[in-house]
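One structure is given here, and the rest of the page talks about it.
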Amino acid sequence: MERTAAFWRNRQLAAELLKAADDILLITHRRPDGDTLGSAVALADALRQRGKLVQVVCSDEVTPKYRFLTGGESALRQSIAPRFVVAVDVADESMFGGELARFAGQVDLVIDHHGSNAGYGRRCNLIEPGYAATGELVYELIGELGATLTTEMARALYTAISTDTGCFRFANTTANTHAVAAALMETGFDPGELNYELFMVKSRTRIQVEAAAYKTLRFYHGGRVAGTHITAQQMAALGANEDDVDNLVAIPRAVEGVVIGFSLRECGPDEYKVSVRTNAPVDAARLCMRFGGGGHLRAAGCTLHAPLDEALRLFVEAAGGELAACGE
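Anchor point for the sequence shown: position 211 equals 613 in the numbering used here, and the numbering is continuous, going up by one each time.
Laid out in structure tokens, this is it:
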């Protein structure tokens with residue numbers, strides 16, 4: 403993959419800034435996933451090797467699925483007064499959430515792979531949309547820092563990459579992705595066991611959630627658009643947590659002939675988190691940007707503020723518009 407001269411300059415600058423900094427705060431995005439957590443945890447370990455005081459924070463609770471990355475901790479709350487603030491895998495400052503929203507406008511360094519990231523770092527923006535995961539960027543940055551890649555750091559970065567590529571199945575997976583994963587595996591952890599835990603193991607509640615999602619599966623625009631949804635009431639009745647409702651968008655996306663697959667999850671009164679997956683030629687990020695969201699070419703998300711029926715109508719109408727714009 404071709405990197406620009408600006409990328410190399412920014413990577414070197416990012417490393418120089420981190421080497422000179424201390425009291426470093428690493429902000430992950432709300433509703434944390436494997437990439438934001440794995441990347442931040444690995445970078446934090448690398449910085450601690452250099453004697454830095456560093457803390458990883460998140461405005462939302464870490465779900466059980468990813469607590470192996472945080473030493474079993476569910477709450478990553480700020481306890482240091484930072485002198486250098488880094489956003490890791492956060493496409494927009496609105497994704498800080500909660501008490502971390504106050505750091506908007508105060509971020510020194512942005513490390514990210516989202517193409518929708520406008521670059522809000524005051525001193526440096528290390529952004530490469532060609533990378534499948536921020537974990538790929540952090541792997542290279544750790545080398546630039548001169549830190550030793552430990553097995554635990556490698557396991558965290560592999561988690562970042564594997565989860566953001568759907569276990570290397572998504573279209574964002576590149577030769578570089580596999581090369582980095584291979585280098586990480588050289589440290590000795592068991593990728594088979596890790597991927598089994600990340601992708602194969604399901605709670606009984608998860609099975610019930612999927613059953614409920616299949617019941618709401620609907621097709622639109624001649625079967626080229628498919629979607630499913632789950633309400634807060636359903637989640638409460640099933641006792642479902644964030645892990646149990648993660649990646650329900652895989653259900654509609656897997657149907658033959660579907661170009662745009664989406665899922666809606668109620669996260670507040672008349673508020674729905676939308677996850678979108680697309681096949682060529684539809685740009686998922688462009689579709690979600692209609693509603694103030696964003697993401698990647700084939701995977702993106704947004705939030706709709708409307709009752710369920712209206713939210714579905716709005717999104718399906720927008721999806722039809724994207725299909726038409728692409729000549730579908």
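Quick reminder that beta carbons are idealized off the backbone N, C-alpha and C, glycines included. In this text, all values refer to a predicted model and were calculated from it rather than measured experimentally.
Item: State whether the region 463–474 contacts the region 488–498, with contact taken as three or more CB pairs (one from each stretch) at a distance under 8 angstroms.; Value: no
Item: In whole angstroms, give me the CA-to-CA distance for ARG679 and ARG700.; Value: 5 angstroms
Item: Can you name, in chain order, every residue of its own chain whose Cβ lies under 8 angstroms from the Cβ of ASP510, other than the five neighbours on each side?; Value: LEU419, ALA423, PHE486, VAL487, VAL488, GLY523, ARG524, ARG525, CYS526
Item: Relative to the C-alpha of VAL647, which residue among TYR674, ARG450, VAL627, GLU724 is closest?; Value: TYR674
Item: Note down, in chain order, each residue of its chain lying with its Cβ closer than 7 angstroms to the Cβ of GLN610, except the 5 sequence neighbours on either side.; Value: LEU640
Item: Going by C-alpha to C-alpha distance, which of ALA444, GLY532, LEU586, LEU710 sits closest to VAL490?; Value: ALA444
Item: Write down the C-beta distance between ALA520 and ARG452 rounded to the nearest angstrom, noting that I regard them as a contact closer than 8 angstroms.; Value: With a Cβ gap of about 30 angstroms, ALA520 and ARG452 do not count as contacting.
Item: ALA702 bridges to which residues according to DSSP?; Value: VAL678, GLY697
Item: Would you mind stating whether THR406 and LEU439 have Cβ atoms separated by less than 9 angstroms?; Value: no
Item: Quick check on DSSP: helix, strand or coil for ASP514?; Value: strand
Item: Could you round the C-beta distance between VAL661 and LEU725 to whole angstroms and report it? I think they count as a contact, below 8 angstroms.; Value: 7 angstroms
Item: Do you know whose CA, among GLU501, ARG715, PHE664, lies nearest ALA615's CA?; Value: PHE664
Item: Rounded to the nearest angstrom, what separates LEU551 and LEU714 at their Cα positions?; Value: 46 angstroms
Item: Would you mind listing the beta strand (DSSP E) stretches within the region 478–540 that are 3+ residues and don't spill past its ends, in chain order?; Value: 486–490, 511–514, 526–529
Item: Just grab the DSSP bridge partners of ARG667 for me.; Value: ILE632, LYS675
Item: Could you tell me the boundaries of the beta strand (DSSP E) in which VAL456 lies?; Value: 456–459
Item: What is the DSSP secondary structure of ARG606, reduced to helix, strand or coil?; Value: helix
Item: With 16 other CB atoms within 10 Å as the buried threshold, where does GLY696 fall?; Value: buried
Item: For TYR560, report the span of its alpha helix (DSSP H) as first-last.; Value: 553–566
Item: So for HIS431, helix, strand or coil by DSSP?; Value: coil
Item: Let me make sure I understand the geometry here. Which of ASP437, VAL540, PHE570 has the alpha-carbon closest to that of ASN412?; Value: VAL540
Item: Return yes when the Cβ of LEU586 is within less than 9 angstroms of the Cβ of LEU547, no when it is not.; Value: no
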